[in-house]
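The working numbering applies: residue 5 is where the sequence shown begins, and numbers increase by one. Where a beta carbon is used, it is the ideal one built from N, C-alpha and C, also for glycine. Bear in mind the structure is a predicted one, so any value in this text is a computation, not a measurement.
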Amino acid sequence: ETIDRYYRAHQELQAFQNLQHRLRQKAQKELERCYKKAALQQDTIRLAQEADTFRVKGEILTANLYRIKPGDRLVELENFYDPEGRTIAIELLPELSPADNAQRYFHLYNKAKNAAQKARQYYEETREEMAYLEGILHSVESADTMAELREIEEELVKQGYLREAAGPGKSSPARPEIPSFRSSDGFTI
């Protein structure tokens, strides 16, 4: 009976540690994915902050269409947005007309502005997901019982981070039977 209790406790501890390790790994993996996603979203937001330069270039080109020759690759024009009145160099696509080059800059501006709005929204969602996963990771680390870990596992299944584990009434691989022996005194070992 003592040996049986010892091995049962050992198996329970092993099962607890295995589940804790599996949940910890899943939460860490998902957190890493969120960190990468958040970094990409921040890059998009940073690039979108440069969107105003596209708008300014488009407006300067529009105001100076008469000064641009078709086929130009670069023009240097007065930047009427600069308080010091400096010039700005604007790259052009030679295959486009001056008006089409201006429209291209407005298109880049709108595209960057829309991307920034969506990226900000997605970034906030990603930050919420990161906070949730960090909480899950903390819960896994501080769990003391198998019931607590099972509750965390159920939560991760509900949230779609884990697939549902096989339980009663569901097909699961059969456990191998543990061999037993009879002692010379007739006891089952």
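Beta-bridge partners of residue i, as assigned by DSSP
{"i": "I94", "result": "V79"}
{"i": "R186", "result": "T192"}
Whether residue i touches residue j by CB criterion (8 Å)
{"i": "Y127", "j": "Q45", "result": "yes"}
{"i": "D76", "j": "L96", "result": "yes"}
{"i": "F58", "j": "Y113", "result": "yes"}
{"i": "A147", "j": "Q15", "result": "no"}
{"i": "R124", "j": "I49", "result": "yes"}
{"i": "M150", "j": "A13", "result": "no"}
{"i": "A103", "j": "L69", "result": "yes"}
{"i": "A67", "j": "K117", "result": "no"}
Neighbourhood of residue i by C-beta distance below 8 Å, restricted to the same chain and skipping five residues each side
{"i": "I140", "result": "L27, A31, I156, E159 and L160"}
{"i": "Y39", "result": "M134"}
{"i": "R71", "result": "V79 and L81"}
{"i": "A187", "result": "It should be pointed out that residue 187 corresponds to Ser in this sequence rather than to Ala. Hits under 8 Å: I193."}
Buried versus exposed call for residue i [16 or more other C-beta atoms within 10 Å across all chains shown]
{"i": "I94", "result": "buried"}
{"i": "K73", "result": "exposed"}
{"i": "T130", "result": "buried"}
{"i": "K122", "result": "exposed"}
{"i": "N105", "result": "buried"}
{"i": "Y34", "result": "The sequence shown places Glu at residue 34, not Tyr. Buried is the call here."}
{"i": "G164", "result": "exposed"}
{"i": "L153", "result": "buried"}
7 Å Cβ shell around residue i - same chain, five flanking residues per side excluded
{"i": "T91", "result": "E80, L81, E82 and N83"}
{"i": "P177", "result": "Because the pLDDT of P177 is 48, which lies under 50, any placement of that residue in the model is unreliable, and the number read from its coordinates should be weighed accordingly. Contacts found: none."}
{"i": "Y109", "result": "F58, K61, G62 and L65"}
{"i": "K174", "result": "Confidence is the limiting factor: at K174 the pLDDT is only 45, short of 50, which leaves the residue's position unreliable, though a coordinate-based value still follows. None."}
{"i": "Y85", "result": "V60"}
Contacts around residue i, its chain only, beta-carbon distance under 6 Å, and the 5 residues preceding and following it disregarded
{"i": "P172", "result": "Its pLDDT being 46, under 50, P172 is placed unreliably by the model, and the measurement read from it follows with that caveat. Within the same chain, P172 has no close Cβ partners at all."}
{"i": "P98", "result": "G75 and R77"}
Continuous alpha helix (DSSP H) stretch holding residue i: start and end
{"i": "T149", "result": "Run containing T149: none; DSSP gives neither H nor E here."}
{"i": "E63", "result": "A55 to A67"}
{"i": "L44", "result": "T6 to A52"}
Cβ-heavy atom distance, residue i to the ligand NAP, below 7 Å
{"i": "E155", "result": "The model depicted lacks the ligand NAP and carries no ligand whatsoever."}
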